[in-house]
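Visitor: If you want this note's numbering, it's the 1-based position in the sequence shown plus 74. The beta-carbon is built from N, C-alpha and C at its ideal position, and this holds for glycine as well.
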Amino acid sequence: MLHASLTNGQIREELTGTWIGVHTELDTTFTCALPTYIRLSADSTYQLGLVDGSAKSIQSTWAIDGNRVRLDTIHFAPQLVTVQDDLLRIGSTFPMVFRRFTDVPIDSVSTYQQLSGRVWQSNNLIVSLYANGQISLENLHTKERTAHFWQLATFEHSVFLIIFGSQHNRAGGYKPLWQITNTLPKQMQAIGWNGCSVATETFRLVRILSPNETCQPAAFQTCSTCFQPLWNTTPLSYTSRQYELNKLLSNYYQPVSQKEQSGLLTIKFVVNCAGQAGLFDVKGFGDDYCPKAFASQLTDQLLSICRNYIAARSFLHPGKESDDLTRDTAVSLTLRLKDGHITDILP
Numbered sequence: 075m076l077h078a079s080l081t082n083g084q085i086r087e088e089l090t091g092t093w094i095g096v097h098t099e100l101d102t103t104f105t106c107a108l109p110t111y112i113r114l115s116a117d118s119t120y121q122l123g124l125v126d127g128s129a130k131s132i133q134s135t136w137a138i139d140g141n142r143v144r145l146d147t148i149h150f151a152p153q154l155v156t157v158q159d160d161l162l163r164i165g166s167t168f169p170m171v172f173r174r175f176t177d178v179p180i181d182s183v184s185t186y187q188q189l190s191g192r193v194w195q196s197n198n199l200i201v202s203l204y205a206n207g208q209i210s211l212e213n214l215h216t217k218e219r220t221a222h223f224w225q226l227a228t229f230e231h232s233v234f235l236i237i238f239g240s241q242h243n244r245a246g247g248y249k250p251l252w253q254i255t256n257t258l259p260k261q262m263q264a265i266g267w268n269g270c271s272v273a274t275e276t277f278r279l280v281r282i283l284s285p286n287e288t289c290q291p292a293a294f295q296t297c298s299t300c301f302q303p304l305w306n307t308t309p310l311s312y313t314s315r316q317y318e319l320n321k322l323l324s325n326y327y328q329p330v331s332q333k334e335q336s337g338l339l340t341i342k343f344v345v346n347c348a349g350q351a352g353l354f355d356v357k358g359f360g361d362d363y364c365p366k367a368f369a370s371q372l373t374d375q376l377l378s379i380c381r382n383y384i385a386a387r388s389f390l391h392p393g394k395e396s397d398d399l400t401r402d403t404a405v406s407l408t409l410r411l412k413d414g415h416i417t418d419i420l421p
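What follows is the structure, encoded as structure tokens:
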């Protein structure tokens, strides 16, 4: 790790080179893929760009100023730019993590022919690369399968597998980058983030995809590849549709008249960019605010109202602007209940 005790020359030597983005750490358990590279040259210039070359790169200068690192006009205090085990971390609040890049020359045409139309499996992941440019990723442990798009990108002499978008469109951000390092008839190797660390993974050929197979997620999928419900939640009681919400509940909810059915019930779900609803979650609390399970006759009704009526409201659905192509909306509804009757809708 870089420390203030190192000389400027030592720090410069550690930082000089090309670094490939891994992710931005937005929380201890939540990261967003970082599809960028940063090239810190010995002549004090640096270049920042996207590995797939889809946007123009930024050129500027960098320097070591005492025990601080300067990138363009931003000065990072000691310990805010660190290198450890070939990983570069920049910042502290939402640190960006890069890995040191080693160029591995590989032919992009033969690599595409080797990968396309086939299913590959590592110890953690099943990757299905469809010839039409779609891709599905299935976690072997959670059985979660998501659908995206893929392409190969050449960076220097290396080839990267770029995964982006959702099952509905090509927008929506990137998944972690994989650098292909070796291909054989029944095996390929790639460097990337496997969910725990940056490592070289071996993928074994499982089978060839048939022409009539389609790429589908296993269940509900958000459109953004970096979606955090906490940051995108719409409390329904805060919206201008308060009257509409009250009317829906009064029209469709049949009170479950039981004395023990009192407390708070929170229902959360997500409406994705295609207007599909999923990720339903129900939590109940008694009048003492301790966790409580309400009667299924009550919770089933309210879940049905959320699925069939509230989630269908137009104000929760995306518009026609380009930014809406990837917009997912998290919804939170908290009800106060007294003996099975709704008495209040809380923020």
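1. May I ask you to list the residues that DSSP assigns as paired with residue 219?
2. Give me the Cβ distance between residue 239 and residue 229, rounded to the nearest whole Å; I'm assuming they're in contact under 8 Å.
3. Looking at residue 339: is its Cβ nearer than 9 Å to the Cβ of residue 408?
4. So, under 8 Å CB-CB, residue 264 and residue 255 are touching, yes? Tell me the CB distance rounded to an integer number of Å.
5. Hey, would you say residue 219 sits closer than 9 Å to residue 107, going by beta carbons?
6. If distances are taken between C-alpha atoms only, which option among 190, 122 and 104 comes closest to residue 110?
7. Any idea what DSSP makes of residue 330, helix, strand or coil?
8. On the three-state DSSP scale, how would you describe residue 249?
9. Looking at residue 93: is its Cβ nearer than 9 Å to the Cβ of residue 172?
10. For residue 320, is the classification buried or exposed, using 16 other Cβ atoms within 10 angstroms of its Cβ as the cut-off for buried?
11. Can you tell which of 186, 86, 131 and 247 has its C-alpha closest to the C-alpha of residue 117?
12. With a cut-off of 8 Å on the beta carbons, I'd call residue 95 and residue 170 a contact; round off their distance for me.
13. What is the DSSP secondary structure of residue 320, counted as helix, strand or coil?
14. Along the chain, where does the beta strand (DSSP E) containing residue 379 start, and where does it finish?
15. Figure out for me which residue from 403, 276, 361 and 135 has the closest Cα to the Cα of residue 200.
16. From 352, 412, 168 and 345, pick the residue whose C-alpha is nearest to that of residue 402; which is it?
17. Would you give the residue range spanned by the beta strand (DSSP E) that residue 406 belongs to?
Guide: Let me spell this out:
1. 212
2. Wrong, their Cβ atoms sit about 20 Å apart, outside the cutoff.
3. yes
4. 6 Å
5. no
6. 122
7. coil
8. coil
9. yes
10. exposed
11. 86
12. 7 Å
13. helix
14. Element bounds for residue 379: not the beta strand (DSSP E) but the alpha helix (DSSP H), 370-379.
15. 276
16. 345
17. 403-412
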